[in-house]
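*Asks:* My questions all concern the structure below.
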Amino acid sequence: MPLITGAVAVGRSLLRRHVVPKRFLGRRPHSSGGNGSSAPGTVRVNATTIEGKDVSFTAPCGMTLMEALRDVARVDIEAACDGTCACSTCHVILRKEDYEKLEAPSEDEMDMLDLAPQVTATSRLACQIKLTEELDGITMRLPDETSNEMK
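Structural data, given as structure tokens:
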């Protein structure tokens, strides 16, 4: 079996690998078992898309929820401002227990949410949520519509 030594890019960080079997390169992080917990350094994310499809995936800690939805799960999320908190197109509606794990939204985020349709008491912008191990199992849904103030 061919082996590769060196660093493997994951998100914006590098993970050092001394010896990695070639067959494992390019694989996404995965669940560590049937108990629903993720491998160390990853977060399990559960989302319901605009179309009503349930998607579950793991993403590396440190990336934003918006990046995870767009880049890891390939969910169709507009993210018009690319995560700069200048629009509301990455608006998500979190489960109450997940919302309560987060710090309060900033004034800028609240201003953008004021422009979003279908805002609820547990609405947040996915670009403002940094994934951490404490958020493992985070569950949200994307609202039926978004509003792009950048057009």
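Numbering (UniProt numbering), first residue to last: 1 to 151.
Every residue, glycine too, gets a C-beta built ideally from N, C-alpha and C.
Quick caveat, the model's predicted, so the values are computed rather than measured.
#1: How far does the alpha helix (DSSP H) with residue 110 in it reach, from first residue to last?
#2: May I ask you to report which of helix, strand or coil DSSP gives residue 76?
#3: In its own chain, which residues sit with a C-beta less than 8 Å from the C-beta of residue 71, not counting the 5 before and 5 after it?
#4: In the DSSP assignment, find the unbroken alpha helix (DSSP H) run with residue 98 in it and report its ends.
#5: Measure the Cβ-Cβ separation of residue 78 and residue 146 and say whether it is below 8 Å.
#6: Taking the alpha-carbon positions, what's the residue 144 to residue 106 distance?
#7: Considering only residues of the same chain and omitting the five flanking positions on each side of residue 66, which have a CB-CB separation below 6 Å?
#8: Does the stretch 135 to 142 touch the stretch 36 to 49, meaning 3 or more C-beta pairs lie closer than 8 Å?
#9: Given this structure, state the Cα-to-Cα distance separating residue 54 from residue 124, to the nearest angstrom.
#10: Nearest to residue 96 by alpha carbon, out of 85, 81, 111, 120?
#11: Between the C-alpha atoms of residue 130 and residue 60, what's the straight-line distance to the nearest angstrom?
#12: Using 8 Å as the threshold, is the C-beta distance between residue 101 and residue 51 below it?
#13: In the structure shown, what three-state DSSP assignment does residue 59 receive?
#14: What does DSSP give as the partner residues of residue 140 in its beta bridges?
#15: Pick helix, strand or coil for residue 54, following the three-state DSSP scheme.
*Replies:* According to the structure data:
#1: 107 to 114
#2: In the structure shown, residue 76 sits in coil (DSSP, three-state: anything other than H, G, I, E or B).
#3: 63
#4: Residue 98 -> alpha helix (DSSP H) spans 96 to 99.
#5: yes
#6: The C-alpha of residue 106 is placed about 24 Å away from the C-alpha of residue 144.
#7: 79, 83, 90, 126, 127
#8: yes
#9: 19 Å
#10: 120
#11: A straight line joining the alpha-carbon of residue 130 with that of residue 60 spans about 10 Å.
#12: no
#13: strand
#14: Paired residues: 47, 94.
#15: strand
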